[in-house]
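Below you'll find the structure, written out as structure tokens, and then a few comments.
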Amino acid sequence: MQSPHSLESLPQSLSQWSVALKQFPYRVCPEQGLVETREALTGAYILVWAKELLIPDFAVLRPLVDESTALNFCGLMPEAGNICVLLQSQADSQWCKDKLAGLEFNFDLVVLDQLPDLSQPGVVLMDMDSTTIQIECIDEIAVLADIGEQVSAVTAAAMRGELDFEQSLRSRVALLKDAPQSILKQVADNMPLMPGLQCLIDTIHSAGWKVAIASGGFTYFAERLQQDLGFDHVQANVLEIENDTLTGQVLGPVVDAQAKADILMQLKQQYSASQTMAIGDGANDLKMLAAADFGVAIHAKPLVQQQAQMSIKHSDLDGAVCILRAAKMLAA
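Following my numbering, the numbering of the sequence shown begins with 24 at its first residue and continues without gaps.
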């Protein structure tokens, strides 16, 4: 006879399973499936989310469970269009990451030492190109200036970490010399936002946190996003313009990887934030991600996925909303 709490006895869709989950916590065991337990765990948190999750999807997590560890369900909730599940292991985060290394998931999964606390002050610092928006602005400018292929090849190499960022930026901007300023407005008027961006900004502001951009791109576009979406602070590179024409020069110091990390620390102090989250996709974001309490790579290059604290691969910025709100599941 099947256990009343076996995998087979529960609804296959987690979206139909929230009532059962609220009634008692469960432990996942390889042989027994879901077992009712009152055991309190003190190890790492594992957050899983996707547009839809099925109970069999969790079979891939069984490497986390052996004689020395347990994995408890802490809570489940719909969030930002996703089904989010929070689990906790009695093992530490590095042990969990090692057990999951090399496995492929059809959902997003992050391992955390601690959960964000939205009741305490915080700041979220984001990269701009390919993070808050779905394009690399300099590549779009270059297309309009008829030098798209030359510039995009350098951009791709820089984001993979194959080139010094400042050198690559200045060389790309130099190719834009004599391009009309009007093409900047064409790009700015058509910037496609990363899905989930508005939800993320609303979540951050509703908690009293601050949200900012630190970009190796350009102030022209960052300031437009600030104006349209309400970012609290933006910092990027300044294109020199004379007589409505690009000179091919960048004014002032370049916002590179170290500058982004420094900006994060400055904003933390400025806003008296006890928690920081950084979100980015390229090699130029690695120092910023490492400096944050919660460093999130999104749709990132392989080098960044390997080095970032956590990585969003399947969803968009709605995944960052799930991470920020994870602590709510403990009280659900």
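C-beta atoms are modelled at their ideal positions from N, C-alpha and C, and glycine is treated no differently.
Please read these numbers as outputs of a predicted model, since none were measured by experiment.
DSSP state of residue i mapped onto helix, strand, coil
i, result
"residue 268", "strand"
"residue 294", "coil"
"residue 131", "strand"
"residue 166", "helix"
"residue 342", "helix"
"residue 171", "helix"
"residue 263", "strand"
"residue 73", "strand"
"residue 157", "coil"
Residues bridged to residue i (per DSSP)
i, result
"residue 235", "148, 256"
"residue 300", "147, 317"
"residue 273", "262"
Cβ-Cβ distance between residue i and residue j below 9 angstroms
i, j, result
"residue 216", "residue 243", "no"
"residue 308", "residue 139", "no"
"residue 235", "residue 257", "yes"
"residue 147", "residue 161", "no"
"residue 278", "residue 237", "yes"
"residue 263", "residue 250", "no"
"residue 323", "residue 331", "yes"
"residue 320", "residue 335", "yes"
Inter-residue Cα distance where the pair is residue i and residue j
i, j, result
"residue 191", "residue 178", "7 angstroms"
"residue 299", "residue 284", "11 angstroms"
"residue 265", "residue 339", "38 angstroms"
"residue 292", "residue 286", "10 angstroms"
"residue 254", "residue 152", "15 angstroms"
"residue 110", "residue 145", "24 angstroms"
"residue 170", "residue 312", "32 angstroms"
"residue 121", "residue 135", "13 angstroms"
"residue 68", "residue 81", "15 angstroms"
"residue 295", "residue 233", "10 angstroms"
Status (buried if at least 16 other CB within 10 Å, exposed otherwise) for residue i
i, result
"residue 47", "Below a pLDDT of 50, predicted positions are generally treated as unreliable, and residue 47, at 40, falls in that range; no measurement from the model is reported."
"residue 45", "Residue confidence is low: residue 45 scores 46 on pLDDT, short of 50, so the model does not pin down where it sits. Its coordinate-derived value is still stated next. Classification for residue 45: exposed."
"residue 150", "buried"
"residue 155", "buried"
"residue 229", "exposed"
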